[in-house]
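K.L.:
Please see the structure below; I have some questions.
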Amino acid sequence: MIIYIIRRLINALITLFVISVISFAIIQLPPGDFLTSYIAQLRVSGEDIDLATVEALRKQYGLDKPIYIQYLKWIWGILHGDFGYSFSWKKPVNELLWNRLGITVLVAVLSLIFSWCFGFIIGMYSAVHPYSIGDYLATVLGYIGLAVPNFLLALVLLWGIYTLTEENLSGLYSIKYLNIPMNFEKFLDILKHLWIPVLVLGTSGMAGLIRTLRANLLDELHKPYVEAALSKGLPENKVFWKYPLRIAMIPFISTVGWSLPWIFSGATITAIVLNLPSVGPLLLNALKNQDMYLAGSLVMFLSFFTVIGTLISDILLAWVDPRIRFE
Amino acid sequence: MLRKFLWGFIIAIFVVQILAIGLNEIVPGEYYNLTDYERLTGKKITKFNEAPMLKEMVEKGLLPPIEERLPRNPVVVVPYEDVGKYGGTWNRAWYGLSDEWNAGRICYEFMLISDKAGKELLPDILESLQVSEDGREYVMKIREGLKWSDGEPVTAEDVRFWYYDVLLNKELTPSVPSVFQPGGEVFSLEIIDDYTFKVIFKEPYPLFPFALAGDGGRAGLEFVVPSHYIKKFHPKYVGLERANEIAKNNGYNTWYQFVKDKCLQSNSWLVNPDLPVLFPWKLSKDSSERALILERNPFYFKIDPEGNQLPYIDRIVFHYVENQQMLLMKAISGEIDMQGRHLTIADYSILASNREKGGYKIILARQAVGSADTLMINQNYTDDPVIGEILREPKFRQALSLAVNREEIWQLVYQGLGEPRQASFVKGVKYYDPEWEKAFAEYNPDKANELLDEMGLKWDPSHSYRLRPDGKKLEIVIEYTTPTQTREKTMEMVKSYLEKVGISVVLKPIDRSLYVTRLEAGQLQIGVWEFDRNVDPVGDPAHILGSQWAPLTWQWYNTGKKTGMPPKEGTDLWKLFEIWDQLVKEVDSKKRDELMKEVINLHKKNIWMVGFVGALPQPIVVKNNMKNVPQGLLWDFPLIRSPKNLRPEQFYFEK
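Residue numbers (the numbering used here), protein chains in the order written: chain A, 1401 to 1727; chain B, 1352 to 2006.
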């Protein structure tokens, strides 16, 4: 088992390195650089900037150097814990990341818990009571969750709440709590805002889980070994928890790895719609502005989570399903 | 000393005040030197007053009394409605640091400032400016007793430091901006006394005052910089070793990167709360990524007619939003107190229907935009020589213009807001020309067909499209970015009109930065941009000299005729630059106006830019309790820098 984990870890490191090279190259692919898009942005809002100034800035930020030198400089910094400098925010990337990571993780974990709890319970229920009214209800709910794009659901919720209560629940808290240290009232206000992203992100995850668990369980429940166990007089509950459920959960576990990066990146549009200060919108803007060190670092982060997630699910799988350990 | 005095005396004799600096009547929303105000009204302002929060600080001994904080001759701002009350927080929304001008257009002070319509220049940081008859020498006087936001005095030392240690420092200024070196030579500086200095150019430079009024988007970072602060990081004053050490400790490789980022860039004041400024509001230490907070500058140099120090409003909070929809959401739910930036006429109906709920009103300004979506027909296009020739033929451009039904676009896309018009200067600006507004702007497809036939662009046998001289199908690519929802719709309509006269069109929406890259390489056939900046074509000629429709020639002109593509001799484009070369050196403003007429005549005939609908209203959301926000003014950049021409420092909240 330990050798298995070590082998996985080495693979993960190599993958991360390759990803860093590729992502840095991809960010560089569109013509121009941060300054071109900066000028473009200024022009759109009616401002202009002297061309000589641009050249000077380009030199100052090292954008006149060949890409591999820029890459080496960046990766060297990362190895020393320095992620480089964000052009568009005029701040070290570090600061930006840590500022936003907290809220991102909070929303991610809450919606993961939400989707897993409900997904699991509803999935089991529909498998044990197939074609019942409850099952149909769950199915309909699941399809809606899958079919409605997250951002749309977020928009509808926001707009609905606004027209009903005249309250704008976007963002993390109301503007009057800005720069006020955390207290009970602010905490309540945050809860008032937080349930929207958790619900929106949670439902779509939940829908997938319900379908997977139901299908797998239905398959397993009627396999001969279950019937044999039942006919030998084992209590129904014991059989269900010990065997079919465990096997039905394999695909469940093998996708755990994806839910980590999904929550970080997949939540981007929702976060933009909801004006949430999480990592997703930061990444989108960094890519749009070719703010390479920031974009590169974020892509690295996402890849890191994917790799970690896959590692976790591999280990879990090996634990749940002994066949894998001896592969 | 005596020699200096004599010098000053000689200048005083020869210098003639040819610029109409200062107004001769009292107009709401304008700026007056206290002395001028007293002269014009016969009223004396002897007692000064200040915000309660500042009064408290004075009583505790944290601040000098108001009389010592104001310059000897402060600026009087005549409020639009009435004298205001102190206090309140002004909430706005912004897109983060890349949206720096959201704050800049409210706060920046320059050496001179434009009046609200962009017709005259008024004193600002400078108390007076005198120009020699030949337009080469400028004597400028800073307000005596003017203070930085940290209480340090502003003196000629700040000017000297800027000139020798910033402008002429190769590391801080690798290349001197073109506005400071007309004809390729940097001006020379002469310090006359503690508050007065003289700037001398090799050639006449009558447009220099426009540069002093912050033209071209620069941020008022010239002539006076807080030298007492920057000297702490400058190797000339602390030694190279120490300067580099400070930079390293702050995460920079070199001292000049650090100094530039923290002190000398247009957004430095939004990232460095310690940087002294002369603005009504300055960065607060409470700012964060989620919200940028500006607080009042206790040393601000403007007062109202009752002697109350401005600004009235205590602080401005810029809330970070991810996108325009979110900004709109904030506006309609009443979370924005006053803002026009990032709102367009397309948002008008949703803004209007939520007025009561959100507790705001919508006031309208007039955008100085000759045409919101303007075909910029590239005169430098060479990738396909046949198309290049066609684009350079005036008849082709006239035909394009005649083939489009502006009325229909106006009604369908803009719901009748704004005006259908040719890309030309708007009403209310100095060089408005009604003939240009209508030039080739009627809908006349027959005439368009006639012009195209004259060019020898024959129809194909099935009469569905025209053929190029080399026999291929005539197809033009129009590339554009999509900043507004209206542009896409307009372009679809334009395409269908052009196809009716046989010009087949490929529409290509592309990303902004790709657009700029392709534009600057001269690779666009026809680009689409806004024809804005109508208020100040002389000070900011980018559009009329082809930055969008002859980008390589514009580059040639801008780089002192070194790189880029010079215009072919004898062409109208060549004539345009001939006239312009005269115009920028012309000291007599009447003659300058005549030359400007010639420029307009060239445009009228050539239609390098084809416009459709312009002079659109700019919606501004204003909370019901916010006062002194005027209606119906021009909205533009760079000269009047809206909303600066609405005079934000005299806005106030009625409780």
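Built from N, CA and C at the ideal position, the CB exists for glycine as well.
On the three-state DSSP scale, how would you describe E1495 (chain B)?
P.N.:
Looking up residue 1495 (chain B) in the second sequence gives position 144. Three-state result, E1495 (chain B): coil.
K.L.:
For Q1428 (chain A), which of A:L1510, A:H1529, A:D1691 has the nearest alpha-carbon?
P.N.:
Within the first sequence, numbered from 1, the residue matching residue 1428 (chain A) stands at position 28. The shortest Cα separation from Q1428 (chain A) among A:L1510, A:H1529, A:D1691 belongs to A:D1691.
K.L.:
Restricting to Cα atoms, I'd like to know which of A:L1716, A:W1516, A:T1539 is closest to A1527 (chain A).
P.N.:
If you number the first sequence from 1, residue 1527 (chain A) lands on position 127. Closest option to A1527 (chain A), Cα to Cα, is A:T1539.
K.L.:
Anything in chain A within Cβ reach of R1511 (chain B), meaning under 7 Å, just list it in chain order.
P.N.:
Residue 1511 (chain B) sits at position 160 when you count from the first residue of the second sequence. Within 7 Å Cβ-Cβ: nothing; R1511 (chain B) doesn't reach chain A, min ~23 Å.
K.L.:
Can you pull the chain A neighbours of Y1866 (chain B), defined as C-beta to C-beta under 9 Å?
P.N.:
One-based indexing of the second sequence puts residue 1866 (chain B) at position 515. Those are A1440, listed as they occur along chain A.
K.L.:
In the DSSP output, which residue or residues are listed as bridge partners for G1878 (chain B)?
P.N.:
As a first step, residue 1878 (chain B) must be located in the second sequence, where it is residue number 527. DSSP lists B:M1727, B:E1830 as partners of G1878 (chain B).
K.L.:
Measuring alpha carbon to alpha carbon, tell me which residue in A:T1668, A:L1601, A:E1620 is nearest V1548 (chain A).
P.N.:
Here residue 1548 (chain A) refers to the residue found at position 148 of the first sequence. V1548 (chain A) has its Cα closest to that of A:L1601, out of A:T1668, A:L1601, A:E1620.
K.L.:
Skipping 5 residues on each side, what residues in its chain have a beta carbon closer than 8 Å to that of L1413 (chain A)?
P.N.:
Position 13 of the first sequence, counting from 1, holds the residue named residue 1413 (chain A). Taken in chain order, the list of residues that qualify is empty.
K.L.:
What do you get for I1410 (chain A), buried or exposed, if any count of 16 or more other CB atoms within 10 angstroms of its CB means buried?
P.N.:
Within the first sequence, the letter at position 10 stands for residue 1410 (chain A). It counts as exposed.
K.L.:
Who are H1670 (chain B)'s beta bridge partners in DSSP?
P.N.:
Counting from 1 along the second sequence, the entry for residue 1670 (chain B) is found at position 319. Its beta-bridge partners are B:A1444, B:A1642.
K.L.:
Restricting to runs no shorter than 3 residues, where is the beta strand (DSSP E) found entirely within the stretch 1429-1480 of chain B?
P.N.:
1440-1445, 1463-1465, 1472-1474
K.L.:
Run down chain B in chain order and give the residues with a C-beta less than 7 Å from the C-beta of Y1562 (chain A).
P.N.:
The residue given as residue 1562 (chain A) occupies position 162 in the first sequence. Within 7 Å Cβ-Cβ: S1684.
K.L.:
Just grab the DSSP bridge partners of G1965 (chain B) for me.
P.N.:
In the second sequence, counting from the first residue as 1, residue 1965 (chain B) sits at position 614. Beta-bridge pairing links G1965 (chain B) to B:E1770.
K.L.:
Among B:G1435, B:S1483, B:K1398, B:V1427, whose alpha-carbon lies nearest the alpha-carbon of I1417 (chain B)?
P.N.:
Against the second sequence, residue 1417 (chain B) aligns to sequence position 66. Measuring from the Cα of I1417 (chain B), the nearest candidate turns out to be B:K1398.
K.L.:
My understanding is that G1721 (chain B) touches A1774 (chain B), with C-beta atoms under 8 Å, so please give their C-beta distance in whole angstroms.
P.N.:
One-based indexing of the second sequence puts residue 1721 (chain B) at position 370. One-based indexing of the second sequence puts residue 1774 (chain B) at position 423. Between the beta-carbon of G1721 (chain B) and that of A1774 (chain B) there is about 5 Å, and that keeps the pair under the 8 Å contact cut.
K.L.:
Would you mind listing the beta strand (DSSP E) stretches within the stretch 1598-1666 of chain B that are 3+ residues and don't spill past its ends, in chain order?
P.N.:
1632-1634, 1642-1647
K.L.:
Keeping to the same chain, check which residues put their C-beta closer than 7 Å to that of F2007 (chain B); ignore five residues upstream and five downstream.
P.N.:
With chain B covering 1352 to 2006 only, the question about residue 2007 (chain B) has no answer from this structure.
K.L.:
Answer with yes or no whether the minimum CB distance from L1611 (chain B) to chain A is below 8 Å.
P.N.:
Along the second sequence, read from residue 1 onward, the residue named residue 1611 (chain B) stands at position 260. Contrary to the premise, residue 1611 (chain B) reads as Lys rather than Leu in this sequence. Chain A contact via Cβ: present.
K.L.:
Taking C-alpha atoms, which residue in B:T1832, B:V1505, B:L1591 lies nearest to L1629 (chain B)?
P.N.:
Residue mapping note: residue 1629 (chain B) aligns to position 278 of the second sequence, counting from 1. The residue with the shortest Cα to Cα distance from L1629 (chain B) is B:V1505.
K.L.:
Short of 7 Å in beta carbon distance, which residues of its chain neighbour N1583 (chain A), apart from the five on each side in sequence? Order them along the chain.
P.N.:
As a first step, residue 1583 (chain A) must be located in the first sequence, where it is residue number 183. For N1583 (chain A), where only same-chain residues beyond five positions count, there are no Cβ hits under 7 Å.
K.L.:
With DSSP as the reference, please indicate the residues paired to T1547 (chain B) in a beta bridge.
P.N.:
Locating residue 1547 (chain B) in the second sequence gives position 196, counting from the first residue. DSSP output for T1547 (chain B) lists B:K1492 as bridge partner(s).
K.L.:
Does T1436 (chain A) pass the burial test, meaning 16 or more other C-beta atoms within 10 Å, or should it be called exposed?
P.N.:
Along the first sequence, read from residue 1 onward, the residue named residue 1436 (chain A) stands at position 36. The residue in question, T1436 (chain A), is buried, as its Cβ has 16 or more Cβ neighbours within 10 Å.
K.L.:
In chain A, which residues lie less than 9 Å from E1640 (chain B) when you measure between Cβ atoms?
P.N.:
Translated into positions along the second sequence, residue 1640 (chain B) becomes position 289. Ordered by position in chain A, the residues that pass the 9 Å Cβ test against E1640 (chain B) are W1489, K1491, E1495, L1496, N1499, R1500, P1677.
K.L.:
With DSSP as the reference, identify every bridge partner of M1960 (chain B), one or two as the case may be.
P.N.:
Translated into the one-based positions of the second sequence, residue 1960 (chain B) becomes position 609. Paired residue(s): B:M1727.
K.L.:
Can you list, in chain order, the residues of its chain whose CB lies under 8 Å from that of D1482 (chain A), leaving out five sequence neighbours each side?
P.N.:
Position 82 of the first sequence, counted from the start, is the residue given in the question as residue 1482 (chain A). Within its own chain, the residues whose Cβ lies closer than 8 Å to the Cβ of D1482 (chain A), once the five positions on either side in sequence are excluded, are P1492, N1494, listed in chain order.
K.L.:
Taking CB distances under 8 Å as the criterion, tell me whether S1570 (chain A) reaches chain B.
P.N.:
Along the first sequence, one-based indexing puts residue 1570 (chain A) at 170. Chain B, which has a Cβ nearer than 8 Å to the Cβ of S1570 (chain A), makes this yes.
K.L.:
Should M1680 (chain B) be labelled buried (16 or more other beta-carbon atoms within 10 Å of its own) or exposed?
P.N.:
Walking along the second sequence from the start, residue 1680 (chain B) turns up at place 329. That one is buried.
K.L.:
I want to see whether chain B comes within less than 8 Å of L1698 (chain A), judged by CB atoms only; does it?
P.N.:
Counting from one through the first sequence, the residue named residue 1698 (chain A) turns up at place 298. Closer than 8 Å to the CB of L1698 (chain A) there is not a single CB belonging to chain B.
K.L.:
Using a threshold of 8 Å, state whether the C-beta atoms of R1666 (chain B) and T1914 (chain B) are closer than that.
P.N.:
Counted from its first residue, the second sequence places residue 1666 (chain B) at position 315. Counted from its first residue, the second sequence places residue 1914 (chain B) at position 563. Not a contact, by the Cβ cut-off of 8 Å.
K.L.:
Could you list which residues in chain B have their beta carbon closer than 7 Å to that of I1672 (chain A), in chain order?
P.N.:
Here the question's residue 1672 (chain A) lines up with position 272 in the first sequence. Neighbours of I1672 (chain A) on chain B, chain order: E1673, N1674.
K.L.:
Alpha carbons only, please: which of B:K1926, B:F1652, B:V1764 is nearest the one belonging to L1421 (chain B)?
P.N.:
Translated into positions along the second sequence, residue 1421 (chain B) becomes position 70. The candidate whose alpha carbon is nearest that of L1421 (chain B) is B:F1652.
K.L.:
Looking at the secondary structure, which residues open and close the beta strand (DSSP E) in which V1857 (chain B) lies?
P.N.:
Within the second sequence, the letter at position 506 stands for residue 1857 (chain B). Residues 1855-1860.
K.L.:
For L1463 (chain A) and F1548 (chain B), I'd like the C-alpha separation in whole angstroms.
P.N.:
Numbered from 1 along the first sequence, position 63 holds the residue referred to as residue 1463 (chain A). Numbered from 1 along the second sequence, position 197 holds the residue referred to as residue 1548 (chain B). Each residue's Cα considered, the two are about 38 Å apart.
K.L.:
Three or more beta-carbon pairs under 8 Å between the stretch 1408-1415 of chain B and the stretch 1480-1495 of chain B, yes or no?
P.N.:
no
K.L.:
Check the Cβ of N1618 (chain B) against every Cβ in chain A and list those closer than 9 Å, keeping chain order.
P.N.:
Residue mapping note: residue 1618 (chain B) aligns to position 267 of the second sequence, counting from 1. By Cβ distance, chain A contributes K1490.
K.L.:
Just how far apart, CA to CA, sit V1320 (chain B) and R1817 (chain B)?
P.N.:
No information on residue 1320 (chain B) is available, as it lies outside the stretch 1352 to 2006 that chain B covers here.
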